[in-house]
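J.: Before anything else, here's the structure in question.
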């Protein structure tokens, strides 16, 4: 009975107070929602300082009369964005006595600057403090740049987002009342060097249409708090040329000078020291000298007993040259110290054949290796068990750190030589930047070719994690998708996560897009189409057209990828007429993509890599199947193959008919790469053997050619025991090969074809051998 009465009284109480609670909730919905978003993880978020009230200014921005350029920019950014949010324009004054309402102090105008409070967590000049009390806000940093970043932090707490460059990438909330949580926020960047290469200004390829905004990323880089500090470089500061002093350059096998200076020569040391001193004298503020060998392979014919360590490079199977260069950089620093520069550092790329930590010489503490894993898998994160190759990076980092230096990372944030097919680096970024911070990496230099259609989430995440590698990735992605795609957030996140999972689960890692048909399978592609179509429907329901435009960016990039995958399939069937039609649509789509702002496809990648790797293959293929020319026979995908370590297999007669092939392996050509068939780092020759039948109807006297769309790197061909004359010498993966088979063919019979492919140079792609479709074709009658 008592329980019954208590229940009745509870019902009456709820009935009485519910309208009051609902009214209070409605009255403060904007403010509370803003506080939840802006002040999450800030103490005092339940209270707030009012900046705008019901569309009217409730605050004044205060600067000094001697405010710097960046302090003035901080003030104007606050005023402009707050006006965009609320319609209210906050006044800017230099006399605090003229300020009304909440005072927002910028930089030197702050009345209670306590730089020591910031320095307790670090000395990085980008560090800042955002202190908000009931009646004032103070924004200041250890530098004017830090002050500007404090202003950006305030705006982000108010809900402003710069997800990608331009208006379409900027999110500005709309509300008439703006309240900032009371707080005392101090932030330090997670990495001292935070750079995104080729993002401030995109590389311009030939053939680019007029109107592409190559500099659209510049302001986005600033909003992301990237300081664009670059460490490491190609090239030594020495003006002695190979023409003037060939003796100072490493020789090739023929005794001719290469492009690489021989750092074991005393005159090279003297030249580099003098060049370094010239730089230091020209710029008294210079603290780091960036240097290294020229880009490209450094080949040493003979180890130097006084310089080199007894260590082989793991991937190239050649002498590791790290010890040689570490000793050289040590000597340069010693000379500079004697010249009065004891605090200068040298940064260099740990790269190619000088990637591994040294084993003989201990690096000077002021050496900064920038670890650049150029030949390594870019599909997976280093904690993905499928990527044994990328996991090796952990050992490289540990090895350098154990020698007493603080390495940086040169992070490749795009798929190598990719013309622009769907690829998102989110998994790699979320895992690796956190790992780098936890393992002593102090700087990140990211090389990327921004394609904002599919790389948007990954590039945004990378920029934010360069500032704060400890951020909650899931929270950030929730924020990204909900704000950027609005009503289409759920299907768009499913779309991207499906793409990312496909790459994470794929046991493939060759560069370019040769493995993409195995990763973006028909099943994956159809599911991505479903989520994208659903997102388009949801976005089109919104009254705000911006969501539809953002989804449309991904649609265009998806369409580009669809045409590319279709073109590859058409080529493999020798349907070059259809492949050329698809290639022409690819051209039209890439023009549309780069003229969009922000660029949906990267201008350099979509133009250069499309043309270099695919144009000749498609156009030459079409020429050989049209105009009366005919396909005689298609070469199979799978051949018998034998690995042979050197170029003398012909002396053993591996080209002869009648050889037994039971012990030979099976090797696919156009459907699988060497990497996916266990030959990732194999360098040497492969002998291919197959047989094709040629119909008697082609016995008409017209010439017949054997055409290979792609061979990596060199080729010799025999048919029925005859070596075929070379008609057209190809070039790696970029230009087809052709041989004259007219006099060797046996019509109406099976024809033995033997190909000796040599592949001696380790490139970044992980390819080799026959890498594309091949055919016998007959020229039309004159």
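In mature numbering (1 follows the signal peptide of the UniProt record, and there is no 0), the protein residues as written are -29 to -1, 1 to 753. We treat Cβ as the ideally placed atom computed from N, Cα and C, and that holds for glycine.
Expressed to the nearest angstrom, what Euclidean distance is found between the alpha-carbon atoms of residue 172 and residue 578?
T.: Residue 172 and residue 578: Cα-Cα distance of roughly 16 angstroms.
J.: For residue 503, collect the residues of the same chain with a Cβ closer than 7 angstroms to its Cβ; drop the 5 residues on either side in sequence, then sort them by chain order.
T.: If we look at residue 503 and ignore the five residues flanking it on each side, its Cβ neighbours are 466, 525, 526, 529.
J.: Which residues does DSSP list as the beta-bridge partners of residue 613?
T.: Paired residues: 658.
J.: Report the three-state DSSP secondary structure of residue -24 (helix, strand or coil).
T.: Annotation note: pLDDT 33 at residue -24 (below 50); position unreliable, no value reported.
J.: Let's see if you can read the secondary structure: which residues bound the beta strand (DSSP E) around residue 230?
T.: Segment 228 to 232, the beta strand (DSSP E) holding residue 230.
J.: Three or more C-beta pairs under 8 angstroms: does that hold for the stretch 573 to 589 against the stretch 167 to 181?
T.: In short, these stretches touch, since the Cβ pair count reaches three.
J.: I'd like the span of the beta strand (DSSP E) that includes residue 154, first residue to last.
T.: Counting along the chain, the beta strand (DSSP E) containing residue 154 begins and ends at 154 to 158.
J.: Taking just the CA atoms, how far does residue 500 sit from residue 553?
T.: So the alpha carbons of these two residues sit roughly 19 angstroms apart.
J.: Select from 111, 447, 658 the residue whose C-alpha is nearest the C-alpha of residue 86.
T.: Residue 86 has its Cα closest to that of 111, out of 111, 447, 658.
J.: For residue 322, is the beta carbon positioned less than 7 angstroms from some heavy atom of the ligand ATP?
T.: The ligand content of the structure shown is nil, which means the ligand ATP is not present either.
J.: Drop a sphere of 10 angstroms on the beta-carbon of residue 212, count the other beta-carbons inside from all chains shown, and report buried for 16 or more, exposed for fewer.
T.: With fewer than 16 other Cβ atoms within 10 Å, it is exposed.
J.: When the distance is taken between beta carbons, is residue 669 closer than 8 angstroms to residue 474?
T.: No, they are not a contact pair.
J.: Where does residue 345 fall in DSSP's three states?
T.: Coil at residue 345, not helix or strand.
J.: With burial defined as no fewer than 16 other Cβ atoms inside 10 Å of the residue's Cβ, what is the status of residue 622: buried or exposed?
T.: It counts as exposed.
J.: Over the uninterrupted alpha helix (DSSP H) stretch that includes residue 76, give me the two end residues.
T.: From DSSP, residue 76 is part of no alpha helix (DSSP H) but of the beta strand (DSSP E) over 73 to 77.
J.: What residue ranges within the stretch 349 to 415 form continuous beta strand (DSSP E) runs of no fewer than 3 residues, ordered along the chain?
T.: Those beta strand (DSSP E) runs which fall completely within the stretch 349 to 415 and span 3+ residues are 379 to 383.
J.: Could you check what DSSP says for residue 102 in three-state terms: helix, strand or coil?
T.: Correct three-state label for residue 102: strand.
J.: What is the DSSP secondary structure of residue 689, reduced to helix, strand or coil?
T.: Residue state, collapsed to three classes: strand.
J.: Whole angstroms are fine: how far does the CA of residue 464 sit from the CA of residue 472?
T.: Spanning the two alpha carbons is a distance of roughly 12 angstroms.
J.: Pull up the distance between the alpha-carbon of residue 163 and that of residue 611, whole angstroms please.
T.: The alpha-carbon atoms of residue 163 and residue 611 are separated by roughly 54 angstroms.
J.: Do you know how far the Cα of residue 438 is from the Cα of residue 78?
T.: Answer to the nearest angstrom: the Cα atoms are 21 angstroms apart.
J.: For residue 2, does the three-state DSSP call read helix, strand or coil?
T.: Low confidence applies here, because residue 2 scores a pLDDT of 31, under 50, leaving its location unreliable; read the following figure in that light. In the structure shown, residue 2 sits in a helix (DSSP, three-state: H, G or I).
J.: Just how far apart, CA to CA, sit residue 259 and residue 678?
T.: Whole-angstrom Cα-Cα distance: 52 angstroms.
J.: Between the Cα of residue 665 and the Cα atoms of 604, 690, 447, 59, which residue gives the shortest distance?
T.: The shortest Cα separation from residue 665 among 604, 690, 447, 59 belongs to 604.
J.: Roughly how many angstroms lie between the CA atoms of residue 693 and residue 544, to the nearest whole one?
T.: Approximately 28 angstroms between the Cα atoms of the pair.
J.: Count the other C-beta atoms from every protein chain shown that fall within 10 angstroms of the C-beta of residue 27, then say buried if there are 16 or more, exposed otherwise.
T.: By the neighbour-count rule (16 or more Cβ atoms within 10 Å), residue 27 is not buried but exposed.
J.: Between which two residues does the beta strand (DSSP E) containing residue 724 stretch?
T.: Element bounds for residue 724: 721 to 730.
J.: Can you tell which of 517, 570, 522, 589 has the C-alpha that lies nearest to the C-alpha of residue 546?
T.: Residue 589 is the option with its Cα nearest to residue 546.
J.: According to the Cβ coordinates, are residue 207 and residue 243 closer than 8 angstroms?
T.: Cβ distance < 8 angstroms, so residue 207 and residue 243 count as in contact.
J.: Go ahead and pull the three-state DSSP assignment for residue 694.
T.: Reduced to three states, the DSSP call for residue 694 is strand.
J.: Of the residues 404, 592, 120, 31, which one's Cα is nearest the Cα of residue 417?
T.: Residue 417 has its Cα closest to that of 404, out of 404, 592, 120, 31.
J.: Determine whether the beta carbon atoms of residue 118 and residue 134 lie at a separation below 8 angstroms.
T.: Their beta carbons are not under 8 angstroms apart, which means residue 118 does not touch residue 134 by this criterion.
J.: Taking 8 angstroms as the cut-off, does the stretch 385 to 402 touch the stretch 317 to 335 (at least 3 CB pairs, one atom from each stretch)?
T.: The answer is no - the stretch 385 to 402 does not touch the stretch 317 to 335, with fewer than three Cβ pairs under 8 angstroms.
J.: So, does the CB of residue 488 fall closer than 8 angstroms to a CB anywhere in chain B?
T.: Structure shown: chain B not included; a single protein chain is present.
J.: Looking only at C-alpha atoms, which of 186, 709, 454 sits nearest to residue 421?
T.: Nearest C-alpha to residue 421: 186.
J.: Shortest alpha-carbon distance to residue 196 belongs to which of 506, 132, 743, 269?
T.: Here the closest residue by C-alpha is 132.
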